[in-house]
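Q: Read top to bottom, the protein sequences are chains A and B. Each residue of the first sequence is one higher than the one before, starting from 1 at the first, in UniProt numbering. Each residue of the second sequence is one higher than the one before, starting from 1 at the first, in UniProt numbering. By construction, the Cβ of each residue, glycine as well, lies at the ideal position given by its N, Cα and C atoms.
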Amino acid sequence: MTVAPVASSTAPGIAATTDLTKVHGSGDTEVVALDRVSITFREGEFTAIMGPSGCGKSTLMHCAAGLDAPTSGSVRIGTTELSTLGDRSLTQLRRDRIGFIFQAFNLLPTLTALENITLPLSIAGRRPDQEWLDRVVAMVGLTGRLGHRPAQLSGGQQQRVAVARALASQPEIIFGDEPTGNLDSRAGAEVLGFLRDSVRELGRTVVMVTHDPVAAGYADRVVFLADGRLVDEMTRPTPDRVLDLMKTLDPRAA
Amino acid sequence: MLRTALRNLLAHPARQLMTVLAVCLGVAFVSGALVFADSTAAAHRAAATKSYADIAVTVTAKQPPGRPADRRSVLDDALVRKLAAVPGVASVRPSVDGSAALNAADGTPLRVKPGANPATAYIPGKDGKDARYPLAEGRAPADAGELALDTGTAAVGHLHLGDPITLATDGPVLTKRLVGLVTTDDTRVTTGGTLTLFDRATAQKLFAEPGTYTGIDLTATPGTDETTLADRVTQVLPADRAEATTGTAQAEQQAVLVSTLTRGYAKLPLVFAGVSLFIGSFLIVNTFTMLVARRGRESALLRAIGATRRQVSRSILLEALAVGLVASAAGFLLGLGLAAALPTLLTTGGSSLPAGPLVIGARSVLAALAVGVGVTVLAAWLPARRAAKVAPVEAMRTAARPPATGRPRLRALTGTVLLAAGVGLLLSLAGAEDASEENLRTAMAGCALLVAALIVLAPLLAVPVLRLTGRLTGRFGITGRLAQENALRDPRRTAATAATLMISTALVAGLAVIGHSTTETLDRQAASGLGADYVIGSRTFSHGLDDATVERVTATPGVDHTTAVSDTTFFLDGGVRTIAGVDPGTVDRTLKLGLVSGSLEHLGPGRIALSRSTAHENGLTTGDRVRARIGRQQDPAPYTVVAVFEDNPLAQDVLGARGEVAQHSFLPGSVQRILVGTDGHTVSRATEDRLRIAVGHSPLVTVQDREAFIEEAAGVLADLLKVVYGMLALGTVIGALGIINTLAMSVAERTREIGALRAIGMDRTAVRRMIRLEAVTVAGFGTLLGLAGGLFGAWRIGALANGAMDRYTFSLPWGTLLLLSLLSLTTGALAATLPARRAASLNPLEAVTEN
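#1: Residue 158 of chain B: buried (16+ other C-beta within 10 angstroms of its C-beta) or exposed?
#2: The alpha helix (DSSP H) with residue 116 of chain A in it runs from where to where?
#3: Once DSSP output is grouped into helix, strand and coil, what is the label at residue 288 of chain B?
#4: Please return the same chain residues whose Cβ sits closer than 7 Å to the Cβ of residue 237 of chain A, not counting the five positions on each side in sequence.
#5: For the stretch 428-511 of chain B, list the alpha helix (DSSP H) runs that are entirely contained and at least 4 residues long, ordered along the chain.
#6: From which residue to which residue does the alpha helix (DSSP H) around residue 821 of chain B run?
#7: Within 10 angstroms of its Cβ, does residue 172 of chain B collect 16 or more other Cβ (buried), or is it exposed?
#8: Smallest Cα separation from residue 150 of chain A: which of A:225, A:98, A:104, A:62?
#9: What is the rounded straight-line gap between the Cα of residue 220 of chain B and the Cα of residue 163 of chain B?
#10: Applying a beta-carbon distance threshold of less than 9 Å, which residues of chain B neighbour residue 123 of chain A?
#11: Mark residue 481 of chain B as exposed unless 16 or more other C-beta atoms lie within 10 angstroms of its C-beta, in which case mark it buried.
#12: What span of residues does the alpha helix (DSSP H) with residue 137 of chain A cover, start to end?
#13: Buried or exposed for residue 668 of chain B, please, with buried defined as at least 16 other CB atoms from any protein chain shown within 10 angstroms of its CB.
#14: Tell me whether the beta-carbon of residue 109 of chain A lies closer than 8 Å to the beta-carbon of residue 168 of chain A.
#15: Report the three-state DSSP secondary structure of residue 20 of chain B (helix, strand or coil).
#16: May I ask you to list, following chain order, the residues of the stretch 489-501 of chain B that have a beta carbon less than 7 Å from some beta carbon of chain A?
#17: When you compare only the Cα positions, how much space is there between residue 832 of chain B and residue 497 of chain B?
#18: Find the residues of chain B that neighbour residue 87 of chain A, judging by a C-beta separation of less than 8 Å, and give them in chain order.
#19: Residue ranges of each beta strand (DSSP E) run of no fewer than 3 residues wholly in the stretch 570-614 of chain B, ordered along the chain?
#20: Is there a C-beta anywhere in chain B that falls below 8 Å from the one on residue 35 of chain A?
#21: Taking beta-carbon pairs under 7 Å, can you tell me which members of the stretch 50-66 of chain A lie near chain B?
#22: If the criterion is Cβ atoms closer than 8 Å, does the pair residue 141 of chain B and residue 198 of chain B meet it?
#23: With a threshold of 8 Å, are at least 3 pairs of Cβ atoms found where one atom belongs to the stretch 454-466 of chain B and the other to the stretch 407-421 of chain B?
#24: Using a Cβ cut-off of 8 Å (strictly closer), state whether residue 255 of chain A contacts chain B.
#25: Please confirm whether residue 179 of chain A and residue 101 of chain A have their CB atoms less than 8 Å apart.
#26: Between B:316, B:577, B:634, which has its C-alpha nearest residue 613 of chain B's C-alpha?
#27: What does the Cβ neighbour count give for residue 341 of chain B, buried or exposed, with the cut at 16 atoms within 10 Å?
#28: Can you confirm whether residue 752 of chain B, when its beta carbon is compared against all beta carbons of chain A, has any partner nearer than 8 Å?
#29: What residues from chain B crowd round residue 92 of chain A, counting only those whose CB sits closer than 9 Å?
#30: Our contact map puts residue 738 of chain B next to residue 288 of chain B with C-beta atoms below 8 Å; I'd like the distance itself, whole angstroms only.
#31: To the nearest angstrom, report how far apart residue 232 of chain A and residue 154 of chain A are at their CA atoms.
#32: Pull up the distance between the alpha-carbon of residue 214 of chain A and that of residue 243 of chain A, whole angstroms please.
#33: If the cut is a Cβ gap below 8 Å, which residues of chain E does residue 160 of chain A touch?
#34: For the stretch 22-36 of chain B against the stretch 372-392 of chain B, do three or more pairs of beta-carbon atoms, one drawn from each stretch, fall closer than 8 Å, so that the two count as touching?
#35: In three-state DSSP terms, what is residue 175 of chain B?
#36: Short of 6 Å in beta carbon distance, which residues of its chain neighbour residue 42 of chain A, apart from the five on each side in sequence? Order them along the chain.
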């Protein structure tokens, strides 16, 4: 069991946070969700963010992905400092350089699977790279179902559409917020497999928030958060090792 | 359950805002119309009573039996003195009433309208003043060269003390000097007329005979009963030559007359009230349906913990009742404001309605409550039943289910049956020859069925129509595509939202098309029948133009030829026709007469021409001989038909030689119209001025160029246009409310989706555009259906006009229709502003984490 020192790597990486702090509310109701978190996400790596409920892992991801504004500190995607961007530039950044996978899929019920996959490109007014699209669709195994509406697909299939949507615009980094939270274990395993494949075979960078040690076992690296602070990090994790570490962080979780 | 209902209402007041607004508007129109009608009637009655307030008895001349013509009126100074001596009479006020048309300072007729130009004598009382007409400026007219006017008339006509005033009572033009200005509350004058005062002798000369009066008003000494006095007065009056009426009876008569006249005022706002309520009820049904849908889980929860169906539906009906009460109260207040503002709105072109306090009758209050509460509760009834049907298990489901599609087959069947019935009724008009009441009723029923069919079928039509319009919105890329899909998501809701715009569009388009076609037809009739460049006519029936005027007009520089026309009656085979006596030499140039047979050259004494329909109805043709009477002719004389011409409104039924017609006319020698052809068909201000000089600047004579004449002939439809625009405004407002309502609900339901779109990179502008395009799509759908229904209805109703109007053709007012469509789409786009802003301001984070 190798417990690496707390990550404060200054290596360039594809995305990074420095002294990221997020405070909710003020005065008596003040809650510090993130307390000076510095972390780097390296290109071509599958990172899982773990921690007990309320540890701030979702907040970290939201801030890193430009969905939420930090109270202080900096967030960087590539060489772009997010705190300097207005809503329009942030939106464009999310559209062109970031892919999202949500817990609740968040597909548009009125669009077909294919239209959902190409939605970020359509919003940008770009034509999809057909070769890339075929590869992505083939990888997630949706080839025969592109004309279906979300309501005609199972939960696992819907999330596969969401994975394909996140990959379609070839973003620099993909964020997943509990992507397997609404799926049974088999469908969850499939989706996690696709995420790993997209890193291994397609060379993408994936960051995923999860509370499931099995899910974390698919990642290249796991970072642990507790009470808004980065407390530990593990490379090449297995579910057992992750579970053991979780127990030490939050005895209640066991 | 009452508490639950009220809690719901208080917890989400904004949700009910649109319902309240819709009910409020409808109620405001109804109560406003009723209060306005009551107030106007009361004001008219008050004005009428006031003018007879101190008059106990009025004595007027009576038409004696037998031949009246040469007998002098008995209302003279001797009678005045006799009446003054009757016990109980406090004062005697003789009057000499007639009418006078005036010219403004620029020589054009001033507010000349039938019944709006009273003229009378200024008759000083003991104090040297006429109490009826208080002097505001100057002095009373003292001799035949002077007159006084009311202050309003002088101001509008730019007339000042000392100015020479040209006027005509019923004959030649007179010129008198303005020496005084008076004030008056005579409603004929205050509603846009004129008042002219002469001295006693002048008025007697003009309106009666020297030394006689047209009426004598008596006031009573205190304690004398009107009826008793009237009886006493009757005894001193010469039998059969004069009669006495009490002031009360006169005021009552006047009030009855006035209320018949004002009934029309009340009708129009009521029509609007009905339409707004009808359209508004869709808005209300929609709101409640959506509220119920959103509360599906809540209702299910209530059911799961043991509430009965009835309790669930009752809680919704109670909510509707509360909303209806609040909205009706607010609407009633708004209606009072409307009623107060209406007189000003209806005051156009200087005529005003009498002012008076608002009269709030029990009828208005009850109608407002019944309408507001009734419509709301009825509209909520269906959704309430639907809510009660929610299965308790729905409470356990997490995801919202797509809306039930209802029973499309039943809907399609009902809609098709209605459509077939409506179209069938309208098509059955094809054989109709005229606009008889029965045919009109068929047409109305057909239109009503058509609208009902469109309302029923709209949800089914939404899918194909929106797919079609989607090709247009698709040009906006993914936002357009999403907008189309969102509108299609709940076709029933989209259809109900579009229904308001559909109905108003159908009404407006239909009315506009009928109005336009009619105007075009009238224009064409007038234009095709008229060859002259100017038409000179007389405003009074009793007094026409004379030969001297015709000669002066003919001799006017710039005039090439004239045709004087004398109209009178023509008795043919027991029927009454109108004959126009014309000059055979010029008539073919001033009137464009399409000849069916014969030639107008042969027109002359004893030789007449008939219009095609007159000839047809009497079974006559060129060469036939008939016996008929012209005007005052005692015995039928023989006439030969020398020509038959196409029907022409300017040529009457029969044409004859003017000399012969004028000779037998009831006004011997008089001319009703002069048709003027100018050199090179010039129409100019200078020509018109010269013609005005030729007719002696008489305010009783109209000088119109071709265009103005045609416009006046077609002008009957101006009121229709007002109705059209009113409907349009109303439909637009309520339609906009409906769209705001639906979109606000739709945005609230789609918070997550919009959040996700924002998260994956759709910027605020695109979100706004998406919502706006959805609104435009819905509006466009309503407009399309409305146009289709309105145009079809108008086309079939037009078939009725074909029989009634010669050469009626269906013609489309492209400009108006285009404007209508643009207005609808703009309404949609503007109505989307608020919901779009709300959608754009959604934080992507809140949206995606919401559970």
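A: On the basis of the data shown:
#1: Taking the second sequence and counting its residues from 1, one reaches residue 158 of chain B at position 158. The residue in question, residue 158 of chain B, is exposed, as its Cβ has fewer than 16 Cβ neighbours within 10 Å.
#2: As a first step, residue 116 of chain A must be located in the first sequence, where it is residue number 116. From DSSP, the alpha helix (DSSP H) with residue 116 of chain A extends over 113-117.
#3: Taking the first residue of the second sequence as 1, we reach residue 288 of chain B at position 288. Helix at residue 288 of chain B.
#4: On the first sequence, residue 237 of chain A is found 237 positions in, with the first residue counted as 1. 216, 217, 219, 222, listed in sequence order.
#5: 437-473, 478-489
#6: On the second sequence, residue 821 of chain B is found 821 positions in, with the first residue counted as 1. It spans 814-831 - the alpha helix (DSSP H) in which residue 821 of chain B sits, taken as one unbroken run.
#7: The residue given as residue 172 of chain B occupies position 172 in the second sequence. With fewer than 16 Cβ atoms within 10 Å of its Cβ, residue 172 of chain B is classed as exposed.
#8: Stepping through the first sequence from its first residue, residue 150 of chain A is reached at position 150. When each option's Cα is compared against that of residue 150 of chain A, the closest is A:104.
#9: Residue mapping note: residue 220 of chain B aligns to position 220 of the second sequence, counting from 1. Residue mapping note: residue 163 of chain B aligns to position 163 of the second sequence, counting from 1. Near 40 Å, if we compare the C-alpha coordinates of residue 163 of chain B and residue 220 of chain B.
#10: Start at 1 with the first residue of the first sequence, and residue 123 of chain A comes out as number 123. The answer, in chain order, is 477, 478, 479, 757, 760, 761, 762, 763, 766.
#11: On the second sequence, position 481 is the one that residue 481 of chain B refers to. With 16 or more Cβ atoms within 10 Å of its Cβ, residue 481 of chain B is classed as buried.
#12: By 1-based counting over the first sequence, the position of residue 137 of chain A is 137. Per DSSP, residue 137 of chain A belongs to the alpha helix (DSSP H) from 130-140.
#13: Sequence index remark: in the second sequence, residue 668 of chain B carries index 668 (1-based). With fewer than 16 other Cβ atoms within 10 Å, it is exposed.
#14: The count along the first sequence starts at 1 and reaches residue 109 of chain A at position 109. The count along the first sequence starts at 1 and reaches residue 168 of chain A at position 168. No.
#15: Reading the second sequence from its first residue, position 20 is the one you call residue 20 of chain B. In this structure, residue 20 of chain B counts as helix in the three-state DSSP scheme.
#16: 489
#17: For the purposes of this step, residue 832 of chain B is taken as residue 832 along the second sequence, with counting starting at 1. For the purposes of this step, residue 497 of chain B is taken as residue 497 along the second sequence, with counting starting at 1. Cα to Cα, the separation comes out at about 13 Å.
#18: If you number the first sequence from 1, residue 87 of chain A lands on position 87. Under the 8 Å cutoff, chain B gives 763, 764.
#19: 575-582, 595-598, 607-611
#20: For the purposes of this step, residue 35 of chain A is taken as the residue at position 35 of the first sequence. False, the Cβ-Cβ gap to chain B never drops below 8 Å.
#21: 62
#22: As a first step, residue 141 of chain B is located in the second sequence; it is residue number 141 there, counting from the start. As a first step, residue 198 of chain B is located in the second sequence; it is residue number 198 there, counting from the start. Yes, the pair counts as a contact, with Cβ atoms nearer than the cut-off.
#23: yes
#24: A question about residue 255 of chain A goes unanswered here, because the residues of chain A that appear run from 1 up to 254.
#25: In the first sequence, counting from the first residue as 1, residue 179 of chain A sits at position 179. In the first sequence, counting from the first residue as 1, residue 101 of chain A sits at position 101. Taking 8 Å as the Cβ cut-off, residue 179 of chain A and residue 101 of chain A qualify as a contacting pair.
#26: Residue 613 of chain B sits at position 613 when you count from the first residue of the second sequence. Taking only the C-alpha atoms, the option nearest residue 613 of chain B is B:577.
#27: Along the second sequence, one-based indexing puts residue 341 of chain B at 341. Classification for residue 341 of chain B: exposed.
#28: Locating residue 752 of chain B in the second sequence gives position 752, counting from the first residue. Yes - at least one Cβ of chain A is within 8 Å of the one on residue 752 of chain B.
#29: Against the first sequence, residue 92 of chain A aligns to sequence position 92. Here the neighbours are 761, 763.
#30: Taking the second sequence and counting its residues from 1, one reaches residue 738 of chain B at position 738. Taking the second sequence and counting its residues from 1, one reaches residue 288 of chain B at position 288. Going by Cβ atoms, the distance from residue 738 of chain B to residue 288 of chain B rounds to 13 Å, so no, they are not a contact pair.
#31: Along the first sequence, read from residue 1 onward, the residue named residue 232 of chain A stands at position 232. Along the first sequence, read from residue 1 onward, the residue named residue 154 of chain A stands at position 154. Residue 232 of chain A and residue 154 of chain A: Cα-Cα distance of roughly 36 Å.
#32: On the first sequence, residue 214 of chain A is found 214 positions in, with the first residue counted as 1. On the first sequence, residue 243 of chain A is found 243 positions in, with the first residue counted as 1. Those two C-alpha atoms are separated by around 9 Å.
#33: Absent from the structure: chain E. Protein chains present are A and B.
#34: yes
#35: Here the question's residue 175 of chain B lines up with position 175 in the second sequence. Residue 175 of chain B: strand per DSSP, three-state reduction.
#36: For this step, residue 42 of chain A is matched to residue 42 along the first sequence. Counting only Cβ-Cβ distances below 6 Å, and skipping sequence neighbours, we find 13.
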